[in-house]
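Colleague:
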Amino acid sequence: MVATIIDGIKIAAEIRAEAKVEVDALKAQGIEPCLAVIFVGESPASKVYVDSKVRACEEVGIKSVKKTANTDIKQEALLALVDQFNDDENVHGILVQLPLPHHIDKNAIIERIDPAKDVDGFHPVNAGKLMIGLDCLAPCTPAGIPELITRSGYSTEHKKVVIIGRSNIVGKPLMNILVQKGPKANCTVTCCHSGTEHLEKYTREADILIAAIGVPEFVTQGMVKEGSVVIDVGINRVDDLEHSRAYRLVGDVAYDEVKEIAGAITPVPGGVGPMTVAMLMKNTVKAARMINR
Ligand code: NAD
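In structure tokens form, the structure reads like this:
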């Protein structure tokens, strides 16, 4: 069996197109959705992410406001910047690009964002609502995963899902999304992590296996059940002198060997990555709608 390749670029474009329809409807009511992005420092990787978010906003008609701060910005000044956007009624979404410099308390910044504008879905209010199944702004990367699976023609209903990784950004929220009763969820979820013994025992049982580890090509063929859906969240740079940038991107799954036995698989790049930005557009539209309700 050779796996079907799940096309994250195509599905993300569909989602951005849906967001654009919603943006146009809001504009017709006199509401211009607006995302504020706060970028601290000069990390080239973060700059690429921020630029792609701003570009996506332009494409779907969301206004974006970008504030760049120097790496040595004081925590109080960063909190004041968040407050400024919290108080601005023309701003509907606030995103602080992570990671932040070490002297900044990341949690204090996240907790300062008005939960109604927390389009990254990292605020404890949104994390709590997600866990108890209330409507909320869910983190973009995990929220995109059931979309990728179901829009490719696979069901999540009654499936055994194994997630590798328990981060607050991917693993834990994904667990809370997929365990809920309802469409695009209703799974039996196992969350494995660095403390899991005999990991393969779990992964080999998975109908849907999701890797969010941050270790290049960690998931090998022997860890995967034949015919399963494999979702690779990882984005890792590995040295490659043959490449013009001297590195290439690989996922957490050994793609070439796993695609030989999986039923479906996401590539890296071109799988989960584009969905994150598309879901951010959806969240910004949702925040604008909820704030103006
Ligand atoms: P993280 O470092 O916060 O978490 C990694 C998790 O992997 C941890 O919970 C840890 O318990 C688990 N882990 C580590 N080693 C393990 C092992 N040997 N066995 C089992 N579990 C192990 O990382 P994260 O923020 O969740 O990101 C994970 C990966 O996903 C990274 O490659 C990151 O770049 C990528 N990512 C991609 C997107 C996207 O938009 N596609 C978004 C967020 C993160």
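What the sequence shown shows, in the numbering used here, is residues 45 to 337, in sequence order. For every residue, glycine included, the Cβ atom is placed at its ideal position computed from N, Cα and C.
(1) Considering only residues of the same chain and omitting the five flanking positions on each side of Ala28, which have a CB-CB separation below 6 Å?
(2) Quick check on DSSP: helix, strand or coil for Arg281?
(3) Please identify the residue among Asn151, Pro313 and Lys330 whose C-alpha is closest to the C-alpha of Pro143.
(4) Here's a check: name, in chain order, each residue in its chain whose Cβ is nearer than 7 Å to the Cβ of Ser211, leaving out the five neighbours to either side.
(5) So if DSSP puts Cys236 in a beta bridge, which residue, or which two residues, is it bridged to?
(6) So, at 7 Å on beta carbons, what are the nonlocal neighbours of Pro145 in its own chain, with the 5 sequence-adjacent residues on each side left out?
(7) Which residues in the same chain have their Cβ closer than 8 Å to the Cβ of Thr200, if we skip the five residues on either side of it in sequence?
(8) Please state the DSSP three-state secondary structure of Ser90.
(9) If you check the beta carbons only, do Lys161 and Ala322 fall under 8 Å apart?
(10) Our contact map puts Gly52 next to Thr310 with C-beta atoms below 8 Å; I'd like the distance itself, whole angstroms only.
(11) Rounded to whole angstroms, what's the CA-CA distance from Arg60 to Thr328? Just pull it up for me.
(12) Extract the residue ranges of the alpha helix (DSSP H) inside the stretch 238-273, only unbroken runs of 4 or more that lie entirely within it.
(13) Does the distance from the CB of Tyr338 to the CB of Val282 come in under 8 Å?
(14) Checking 8 Å against the spacing of the C-beta atoms, do Val65 and Gly188 come in under that value?
(15) Buried or exposed for Met45, please, with buried defined as at least 16 other CB atoms from any protein chain shown within 10 angstroms of its CB.
(16) May I ask whether a heavy atom of the ligand NAD can be found less than 7 Å away from the beta carbon of Thr89?
(17) I'd like to know if Ser87 contacts chain C, where contact means its C-beta is closer than 8 Å to some C-beta of that chain.
(18) Helix, strand or coil, according to DSSP, for Val297 in the structure here?
(19) Opposite Arg292 in the DSSP bridges: which residues?
(20) Return yes when the C-beta of Gly215 is under 7 Å from any heavy atom of the ligand FMN, and no when it is not.
(21) To test your reading of the DSSP string, which unbroken beta strand (DSSP E) runs of 3 or more residues are found completely within the stretch 54-140?
(22) What residues in its chain sit with their C-beta under 6 Å from that of Leu79, if we drop five residues either side in the sequence?
(23) Determine whether the beta carbon atoms of Val126 and Arg99 lie at a separation below 8 Å.
(24) With distances taken Cα to Cα, identify the nearest neighbour of Leu174 among Ala121, Met219 and Gly314.
(25) Got a sec: does the ligand NAD put a non-hydrogen atom nearer than 7 Å to the Cβ of Ala322?
(26) The ligand NAD heavy atoms versus the CB of Arg210: any closer than 7 Å?
(27) Check for me: the alpha helix (DSSP H) holding Val223 runs from which residue to which?
Modeller: Let me spell this out:
(1) Lying before the first or after the last residue shown, residue 28 is absent from the chain, which here runs from 45 to 337.
(2) Within the sequence shown, numbered from 1, the residue matching residue 281 stands at position 237. Here Arg281 carries a strand assignment [DSSP, helix/strand/coil].
(3) For this step, residue 143 is matched to residue 99 along the sequence shown. The option with the nearest alpha carbon to Pro143 is Asn151.
(4) Within the sequence shown, numbered from 1, the residue matching residue 211 stands at position 167. Close CB contacts of Ser211 within its chain, under the 7 Å cut and outside five residues either way in sequence, are with Ala256 (chain order).
(5) Walking along the sequence shown from the start, residue 236 turns up at place 192. BP columns for Cys236 point to Ile208.
(6) Within the sequence shown, numbered from 1, the residue matching residue 145 stands at position 101. Residues of the same chain with a CB within less than 7 Å of the CB of Pro145, apart from the 5 flanking positions on each side, are Val84, Gly85 and Thr115 in chain order.
(7) What you label residue 200 is simply residue 156 of the sequence shown in a count that begins at 1. Once the five neighbours on either side are set aside, the close Cβ partners of Thr200 are Pro190, Ile193, Thr194, Leu222, Lys228, Ala229, Asn230, Cys231 and Ile252.
(8) The residue you call residue 90 lines up with position 46 of the sequence shown. Helix, per DSSP.
(9) Position 117 of the sequence shown, counted from the first residue, corresponds to residue 161. Position 278 of the sequence shown, counted from the first residue, corresponds to residue 322. Going by beta carbons, Lys161 and Ala322 fall outside the 8 Å limit.
(10) As a first step, residue 52 is located in the sequence shown; it is residue number 8 there, counting from the start. As a first step, residue 310 is located in the sequence shown; it is residue number 266 there, counting from the start. That belief holds up - the Cβ atoms of Gly52 and Thr310 are roughly 6 Å apart, short of 8 Å.
(11) For the purposes of this step, residue 60 is taken as residue 16 along the sequence shown, with counting starting at 1. For the purposes of this step, residue 328 is taken as residue 284 along the sequence shown, with counting starting at 1. If I take the Cα positions, the gap works out to 11 Å.
(12) With a minimum length of 4 residues, the continuous alpha helix (DSSP H) runs that stay inside the stretch 238-273 are 243-247.
(13) Only positions 45 to 337 of the chain appear in this structure, which leaves residue 338 out of reach.
(14) Taking the sequence shown and counting its residues from 1, the one referred to as residue 65 is at position 21. Taking the sequence shown and counting its residues from 1, the one referred to as residue 188 is at position 144. No. Outside cutoff.
(15) Here residue 45 is taken as the residue at index 1 of the sequence shown, counted from 1. Met45 comes out exposed.
(16) Mapped onto the sequence shown, residue 89 falls at position 45. The question names Thr, but residue 89 in the sequence shown is Ala. False, no ligand heavy atom lies under 7 Å from that Cβ.
(17) The question asks about chain C, but that chain is absent: this structure has only one protein chain.
(18) Counting from one through the sequence shown, the residue named residue 297 turns up at place 253. In this structure, Val297 counts as strand in the three-state DSSP scheme.
(19) For the purposes of this step, residue 292 is identified with residue 248 of the sequence shown, where counting begins at 1. Answer by DSSP bridge pairing, in chain order: Val282.
(20) Absence of the ligand FMN is noted for the structure shown, with the ligand NAD being the only ligands found.
(21) 78-84, 107-113 and 137-140
(22) Stepping through the sequence shown from its first residue, residue 79 is reached at position 35. Cβ neighbours of Leu79 beyond the five flanking positions: Cys101, Ile106, Ser108, Gly137 and Thr328.
(23) On the sequence shown, position 82 is the one that residue 126 refers to. On the sequence shown, position 55 is the one that residue 99 refers to. A distance of 8 Å or more separates the beta carbons of Val126 and Arg99.
(24) Position 130 of the sequence shown, counting from 1, holds the residue named residue 174. Leu174 has its Cα closest to that of Met219, out of Ala121, Met219 and Gly314.
(25) On the sequence shown, position 278 is the one that residue 322 refers to. Ala322 Cβ: outside cutoff for every heavy atom of the ligand NAD.
(26) Residue numbering aside, residue 210 sits at position 166 when the sequence shown is read from its first letter. Checking every heavy atom of the ligand NAD against the Cβ of Arg210, one is found closer than 7 Å.
(27) Working through the sequence shown from its first residue, we reach residue 223 at position 179. From DSSP, Val223 is part of no alpha helix (DSSP H); its letter is neither H nor E.
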